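Asker:
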Amino acid sequence: MRYVDIPRTDLRVAGLCLGTSHLGTAVDRAASFALLDAYYEAGGTFLDSAAVYADWMSEERSVSEKTIGAWLAARRLHGQVVVGTKGAHPDLRTMHIPRLSPKEILGDLERSLRHLGVDRIDLYYLHRDDPGRPVEEIMDTLHGAWRAGHVRYVGCSNWRAERLRQAQAYATREGWPGFVANQALWNAAALNPEARADKTTVPMDADLLAYHRQTGMAAVAYSSQAGGLFQKMAEGRLPAPRPGRPDLYPREENARRLERIRRIGAEAGLSITQVTLGYLAGHPFPAIPIVGCKTLPHLRDSLTAADTVLSAEQVAYVEGREP
Ligand SMILES: NC(=O)c1ccc[n+]([C@@H]2O[C@H](COP(=O)([O-])OP(=O)(O)OC[C@H]3O[C@@H](n4cnc5c(N)ncnc54)[C@H](OP(=O)(O)O)[C@@H]3O)[C@@H](O)[C@H]2O)c1
23 MRYVDIPRTD LRVAGLCLGT SHLGTAVDRA ASFALLDAYY EAGGTFLDSA
73 AVYADWMSEE RSVSEKTIGA WLAARRLHGQ VVVGTKGAHP DLRTMHIPRL
123 SPKEILGDLE RSLRHLGVDR IDLYYLHRDD PGRPVEEIMD TLHGAWRAGH
173 VRYVGCSNWR AERLRQAQAY ATREGWPGFV ANQALWNAAA LNPEARADKT
223 TVPMDADLLA YHRQTGMAAV AYSSQAGGLF QKMAEGRLPA PRPGRPDLYP
273 REENARRLER IRRIGAEAGL SITQVTLGYL AGHPFPAIPI VGCKTLPHLR
323 DSLTAADTVL SAEQVAYVEG REP
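Per our numbering: the sequence shown = residues 23 to 345.
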């Protein structure tokens with residue numbers, strides 16, 4: 023397992039993070055523990071959760087965090103694994119109403135601490151932004167939680183580059199690191215942002231990429247395998263397009279990307295999974311894919327990419343551009 027230092031922190035984490043949105047719900051408790059065990063035994067030390075996982079599947083709230091808390095306690099692994107979790111997600115019934123008041127952020131944080139069974143969260147992300155709220159107020163709230171020792175580091179998820187720049191400039195003026203990682207929708211596929219089902223998500227774009235290149239901030243990629251897009255295309259089991267609904271990952275363009283991914287794989291002896299995940303790791307700043315595996319075979323296959331890092335030329339080739 024390759025390990026990655028997150029700049030401006032003392033966090034050294036596995037180069038593949040395990041996504042846990044389905045733990046305890048779509049994947050039952052025993053199978054969830056088996057996935058967590060297999061990931062940890064392979065050298066995995068970085069988990070991704072959120073207060074809202076997976077409230078869309080269960081009456082009980084925050085089952086993912088509770089499952090991780092139970093696993094950490096059962097395996098006595100507190101302090102051995104870096105747990106990143108997220109709060110301040112909108113209520114699922116009112117996705118258009120942001121929840122980033124100090125009360126909402128701190129209330130979510132307090133519950134996450136309890137669910138995970140920890141005194142301090144290693145990496146606490148804001149799951150969304152509220153562009154209508156001054157960054158100063160948001161950062162002051164996080165700064166207070168940091169000073170109180172409830173979070174070791176903070177990050178953001180689904181923030182646009184302009185707001186990220188403002189937040190970081192303010193944190194620097196206040197004399198603390200502010201965000202140390204940005205969790206964005208990012209993978210090797212071409213993406214049509216207009217086709218996002220949830221418009222509060224923010225995909226990696228040219229502006230965010232430029233920000234990461236300039237500052238070296240760590241990027242944590244979610245939907246890092248585009249839901250298994252390239253593997254499914256290669257196996258001819260991509261679901262049929264939905265009438266009247268454009269594809270998030272346009273098929274023709276991604277069929278061309280798949281050809282190039284295959285060519286790199288044939289030359290370098292790499293699988294589609296390895297090229298797809300190695301594409302993210304091949305960027306000139308720390309980039310850590312979250313793998314959202316629900317089964318042991320998928321997890322084992324994804325872990326074969328733990329040491330794969332594409333060159334700048336290969337990254338450009340996947341995208342069909344000059345390096
Ligand atoms: N910050 C945010 O807003 C946000 C949003 C979404 C997710 N996340 C985080 O990111 C994690 C992963 O998200 P995701 O599920 O969208 O990501 P993903 O890794 O792109 O998709 C997961 C799906 O990819 C397929 N897959 C995984 N490994 C595979 C393999 N080795 N070979 C073939 N197919 C494979 C499986 O599809 P099938 O099951 O269909 O076979 C699996 O369900 C979540 O658990 C969560 O921690 C964060």
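Even for Gly, the Cβ is constructed at its ideal location relative to N, Cα and C. Just so you know, these numbers come straight off a predicted model, no measurement behind them.
Which of the three DSSP states, helix, strand or coil, is assigned to Phe346?
Answerer: Here the chain comprises residues numbered 23 to 345, so residue 346 is not present and cannot be evaluated.
Asker: With a threshold of 16 other CB atoms inside 10 Å of the CB of Asn214, please say whether the residue is buried or exposed.
Answerer: It is exposed - the Cβ of Asn214 has fewer than 16 other Cβ atoms within 10 Å.
Asker: How many whole angstroms separate the CB atoms of Leu54 and Ala72, which I take to be in contact at a CB cut-off of 8 Å?
Answerer: Residue 54 is actually Ser in this sequence, not Leu. In fact, because the Cβ distance is near 15 Å, the residues do not count as touching under 8 Å.
Asker: When the Cα atoms are used, what is the spatial distance from Cys133 to Val202?
Answerer: According to the sequence provided, residue 133 is Arg. The question's Cys does not apply to it. Near 22 Å, if we compare the C-alpha coordinates of Val202 and Arg133.
Asker: If you follow the beta strand (DSSP E) that Ala243 is in, where does it begin and where does it stop?
Answerer: Unbroken beta strand (DSSP E) run through Ala243: 240–244.
Asker: Where does Ser179 sit, in a helix, a strand or coil, going by DSSP?
Answerer: Ser179 falls in the strand class under three-state DSSP.
Asker: Do His172 and Leu135 have their beta-carbon atoms positioned less than 9 Å apart in this structure?
Answerer: Closer than 9 Å, so yes.
Asker: Hey, is the stretch 226–246 in contact with the stretch 326–337, meaning 3+ C-beta pairs nearer than 8 Å?
Answerer: No, because fewer than three Cβ pairs between the stretch 226–246 and the stretch 326–337 fall closer than 8 Å, the two stretches do not touch.
Asker: Which same chain residues, not among the five before or five after His44, have their C-beta less than 7 Å away from its C-beta?
Answerer: Closer than 7 Å at the Cβ level, and outside the excluded window around His44, lie Ala76, Lys316.
Asker: Have a look at Lys108 and Thr42 and give me their C-alpha separation to the nearest angstrom.
Answerer: Roughly 12 Å between the two C-alpha positions.
Asker: At a cut-off of 8 Å, is Val105 close to ligand 1 when judged by its beta-carbon and the heavy atoms of the ligand?
Answerer: Checking every heavy atom of ligand 1 against the Cβ of Val105, none is found closer than 8 Å.
Asker: Give me the residue from Asp130, His137, Arg282, Tyr233 with the minimum Cα distance to Gln190.
Answerer: Residue Tyr233 is the option with its Cα nearest to Gln190.
Asker: Within the same chain, show all residues whose beta-carbon is closer than 8 Å to that of Leu280, passing over the 5 residues directly before and after it, in chain order.
Answerer: Result list for Leu280: Phe252, Met255, Ala256, Ile294, in chain order.
Asker: When you measure from the CB of Tyr244 to every non-hydrogen atom of ligand 1, does any distance come out below 8 Å?
Answerer: Correct: Tyr244 has its Cβ closer than 8 Å to ligand 1.
Asker: What span of residues does the beta strand (DSSP E) with Thr42 cover, start to end?
Answerer: Counting along the chain, Thr42 falls outside any beta strand (DSSP E), and DSSP gives it neither H nor E.
Asker: Tell whether a beta-carbon distance below 9 Å holds between Leu145 and Leu33.
Answerer: The answer is yes: Cβ separation under 9 Å.
Asker: Would you list the one or two residues that DSSP bridges to Phe307?
Answerer: Paired residue(s): none; Phe307 is not in a bridge.
Asker: Look up Pro225 in the DSSP assignment and give the residues it is bridged to.
Answerer: Looking at the DSSP assignment, Pro225 forms a beta bridge with Leu207.
Asker: Under 9 Å, do His111 and Arg142 count as touching if we go by C-beta distance?
Answerer: No, the pair does not count as a contact, with Cβ atoms beyond the cut-off.
Asker: Indicate the three-state DSSP secondary structure (helix, strand or coil) for Tyr75 in the structure shown.
Answerer: Coil.
Asker: Is Asn276 near ligand 1, going by C-beta to nearest heavy atom under 8 Å?
Answerer: Asn276 Cβ: outside cutoff for every heavy atom of ligand 1.
Asker: Find out if the Cβ-Cβ distance for the pair Leu128, Thr163 is shorter than 9 Å.
Answerer: Against a cut-off of 9 Å, the Cβ pair of Thr163 and Leu128 comes out as a contact.
Asker: What do you reckon, is the C-beta of Lys254 under 8 Å from a heavy atom of ligand 1?
Answerer: The answer is yes for Lys254.
Asker: Assuming Ala167 and Leu207 form a contact by the criterion Cβ under 8 Å, report the distance between their Cβ atoms to the nearest whole angstrom.
Answerer: Not a contact, Cβ separation roughly 26 Å.
Asker: Regarding Lys108 and ligand 1, is the C-beta to nearest heavy atom distance less than 8 Å?
Answerer: For ligand 1, at least one heavy atom lies less than 8 Å from the Cβ of Lys108.
Asker: Taking Glu341 as the reference, which of Ala56, Pro153, Arg284 has the closest Cα?
Answerer: Taking only the C-alpha atoms, the option nearest Glu341 is Arg284.
Asker: Sorry if obvious, but does the Cβ on Asp59 come closer than 8 Å to a heavy atom of ligand 1?
Answerer: Asp59 Cβ: outside cutoff for every heavy atom of ligand 1.
Asker: Just to confirm before moving on: does the CB-CB distance between Val176 and Val104 stay below 9 Å?
Answerer: For Val176 and Val104, no; Cβs fall outside 9 Å.
Asker: According to DSSP, simplified to helix, strand and coil, what is Lys316?
Answerer: Three-state DSSP puts Lys316 in coil, outside helix and strand.
Asker: What does DSSP give as the partner residue(s) for Arg34 in the beta ladder?
Answerer: Partner(s): Asp27.
Asker: Going by alpha carbons, who is nearest to Asn204 out of Arg282, Arg343, Met239?
Answerer: Checked all of Arg282, Arg343, Met239; the closest Cα to Asn204 is Met239.
Asker: Between Ala303 and Ala64, what straight-line distance do the alpha-carbon atoms span, to the nearest angstrom?
Answerer: In a straight line, the C-alpha of Ala303 is about 18 Å away from that of Ala64.
Asker: State the start and end residues of the unbroken alpha helix (DSSP H) segment that holds Gly106.
Answerer: Not the alpha helix (DSSP H): Gly106 falls in the beta strand (DSSP E), residues 104–109.
Asker: Which of helix, strand or coil does DSSP assign to Tyr146?
Answerer: Tyr146: strand per DSSP, three-state reduction.
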